[in-house]
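Just below is one structure, and these are the notes that go with it.
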Ligand SMILES: [Cu+2]
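This is the structure:
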């Protein structure tokens with residue numbers, strides 16, 4: 286319940302901010318990045334971003350199997366994970382903290398080897 290009301294409040298504040306025009310305090314919305322997963326690809330396979338840029342991956346599982354989207358920083362650390370059933374959609378927020386070659390993969394057994402991998406090039 287509390288979460289629900291907090292969400293309503295945030296939406297109200299967002300609308301108020303939009304109505305007020307370019308308030309200097311209004312945060313930039315995250316960049317929406319569509320991502321489609323299926324057997325056995327992640328599309329697009331190459332994405333670029335800036336350090337600190339807020340990304341909102343809008344992920345659709347268009348396949349017939351469950352898949353996940355796992356985001357790894359250049360050190361190989363997983364920073365975000367979302368699992369999706371077939372025909373399920375979801376959102377994954379990522380704010381790259383360091384420049385370099387990040388990787389997006391499906392961690393289900395064999396899926397990365399079969400081609401479910403994408404690169405996220407993060408520029409300083
Ligand atoms: Cu998969």
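Residue numbers (my numbering): 286 to 409.
Note that the Cβ used here is the ideal one computed from N, Cα and C, for glycine as well.
Only a predicted model underlies this, so the values are computations on that prediction, with no experimental measurement involved.
Inset, instruction - Return yes when at least one heavy atom of ligand 1 lies under 7 Å from the C-beta of residue 374, else no. - result: Residue numbering aside, residue 374 sits at position 89 when the chain shown is read from its first letter. Not so, every heavy atom of ligand 1 lies at least 7 Å from the Cβ.
Legend entry - Every unbroken beta strand (DSSP E) within the stretch 342-376, with a cutoff of 3 residues, ordered by chain: 352-357 and 363-369
Inset, instruction - Output the boundary residues of the beta strand (DSSP E) element that contains residue 318. - result: The residue you call residue 318 lines up with position 33 of the chain shown. Start and end: 316-323.
Inset, instruction - Have a look at residue 408 and residue 383 and give me their C-alpha separation to the nearest angstrom. - result: In the chain shown, the residue the question calls residue 408 occupies position 123. In the chain shown, the residue the question calls residue 383 occupies position 98. Answer to the nearest angstrom: the Cα atoms are 8 Å apart.
Legend entry - Check: residue 396 C-beta below 7 Å from any heavy atom of ligand 1: Locating residue 396 in the chain shown gives position 111, where the first residue counts as 1. Correct: residue 396 has its Cβ closer than 7 Å to ligand 1.
Inset, instruction - Return the CA-CA distance between residue 389 and residue 351, expressed in angstroms with no decimal places. - result: For the purposes of this step, residue 389 is identified with residue 104 of the chain shown, where counting begins at 1. For the purposes of this step, residue 351 is identified with residue 66 of the chain shown, where counting begins at 1. Those two C-alpha atoms are separated by around 16 Å.
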